[in-house]
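My numbering runs 8 ahead of the 1-based position in the sequence shown. C-beta atoms are modelled at their ideal positions from N, C-alpha and C, and glycine is treated no differently. What you are looking at is a predicted structure, and each value in this text was computed from that prediction instead of being measured. Take a look at the structure below.
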Amino acid sequence: MHGTKTGLFTQKFRITNWHTYNNALINRGSMTFWLDDEAIKSWYDTSPPSARGRPQRYSDLA
Numbered sequence: 009m010h011g012t013k014t015g016l017f018t019q020k021f022r023i024t025n026w027h028t029y030n031n032a033l034i035n036r037g038s039m040t041f042w043l044d045d046e047a048i049k050s051w052y053d054t055s056p057p058s059a060r061g062r063p064q065r066y067s068d069l070a
């Protein structure tokens, strides 16, 4: 196609603080979960198996 720029990269921002930029990239994918005490206590399934197959390890709450 004529009139299009291919293979050219234009820099939009200039990074001046690399330490902060790298920490921001690391923290971008972090997630924090908050669980209450009742959820932690009932995390594992304690009911006896009622059907054939592998027993359920975690409760439905988990």
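Cross-strand partners of residue i (DSSP beta bridge)
i	result
residue 66	52
Coil, strand or helix - residue i by DSSP
i	result
residue 26	helix
residue 59	coil
residue 43	coil
Near the ligand SAM: residue i beta-carbon under 7 Å from a heavy atom
i	result
residue 35	Only the bare structure without any ligand can be found here, which leaves the ligand SAM out of the picture.
Below-8 Å beta-carbon distance, residue i vs any chain E residue
i	result
residue 53	In summary, chain E is missing from the structure at hand, where a single protein chain is found.
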